[in-house]
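Contents: one structure, followed by commentary.
In this note's numbering, the protein residues as written are 11 to 199.
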């Protein structure tokens with residue numbers, strides 16, 4: 011992901027790797043770094059945490075999409091995932107919509123409950139663990155922040171008008187949404 015900033019006289023690139031077994035040792039499976047170089051002579055100006063920058067940018071993009079496309083009503087938020095992206099999305103979406111409740115659905119009930127209890131004190135609305143059907147049944151805004159290669163919920167469980175930010179699938183064979191969800195979508199960006 012190279013970029014050139016002519017006014018900054020700098021260029022940069024992001025270097026990333028996906029190491030799935032990192033989860034076993036409590037590390038993020040995605041390891042990324044952003045290198046900022048002088049456009050004049052190529053010297054390293056900065057080495058930045060690419061995971062942080064990517065998480066902030068992705069959540070900001072989802073928040074912008076939510077602001078522009080989701081219904082402007084007090085909203086119930088559902089987040090699939092318990093990693094870094096889930097954490098950033100849980101912070102970003104309430105910046106653009108009034109969230110009255112958040113449901114967290116991770117890859118296991120234990121992960122969902124642990125994440126929800128850890129982050130809940132930082133919010134003015136309730137944050138709790140949920141199973142997939144419960145998470146989507148009354149969601150106004152839904153964010154899928156997983157590395158799942160299979161759909162994480164059933165489209166049949168969605169209520170009409172739910173806004174979805176699906177950000178996790180990064181390989182051709184992976185998808186977080188089922189066929190019904192894709193067919194029901196009015197707008198896909």
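For glycine and all other residues, C-beta sits at the position ideal for the given N, C-alpha and C.
Everything numeric in this text was worked out from a predicted model, so none of it was measured.
| task | Would you be able to state if there are at least three C-beta pairs under 8 Å between the stretch 52-67 and the stretch 120-129? | result | no
| task | Determine the extent of the alpha helix (DSSP H) in which residue 61 is found, giving its start and end residues. | result | Here residue 61 corresponds to residue number 51 of the chain shown, with the count starting at 1. 60-79 is the span of the alpha helix (DSSP H), which, as asked, contains residue 61.
| said: One question on the structure: do residue 177 and residue 155 come within less than 8 Å of each other, judged by their Cβ atoms? | reply: For the purposes of this step, residue 177 is identified with residue 167 of the chain shown, where counting begins at 1. For the purposes of this step, residue 155 is identified with residue 145 of the chain shown, where counting begins at 1. Yes.
| query | Between the Cα of residue 81 and the Cα atoms of 181, 108 and 93, which residue gives the shortest distance? | reply | Indexing the chain shown from 1 puts residue 81 at position 71. Checked all of 181, 108 and 93; the closest Cα to residue 81 is 108.
| message | Quick test of the definition: if touching needs 3 or more C-beta pairs under 8 Å, does the stretch 160-170 touch the stretch 186-194? | response | yes
| Outcome for residue 93 when other beta-carbon atoms lying within 10 angstroms are tallied against a minimum of 16 | For the purposes of this step, residue 93 is taken as the residue at position 83 of the chain shown. Result: buried.
| task | Identify whether residue 37 lies in helix, strand or coil by the three-state DSSP scheme. | result | The residue given as residue 37 occupies position 27 in the chain shown. Coil, per DSSP.
| Just curious, the beta strand (DSSP E) that residue 94 is in, first and last residue? | As a working note, residue 94 is residue 84 in the chain shown. First-last for residue 94: 94-102, but that is the alpha helix (DSSP H), not the beta strand (DSSP E).
| residue 21 vs residue 49 beta-carbon contact at 8 Å | The residue given as residue 21 occupies position 11 in the chain shown. The residue given as residue 49 occupies position 39 in the chain shown. Result yes, Cβ atoms of residue 21 and residue 49 sit closer than 8 Å.
| message | Helix, strand or coil, according to DSSP, for residue 86 in the structure here? | response | Translated into the one-based positions of the chain shown, residue 86 becomes position 76. In this structure, residue 86 counts as strand in the three-state DSSP scheme.
| query | Terminal residues of the continuous beta strand (DSSP E) containing residue 23? | reply | Here residue 23 corresponds to residue number 13 of the chain shown, with the count starting at 1. Its beta strand (DSSP E) spans residues 20-28.
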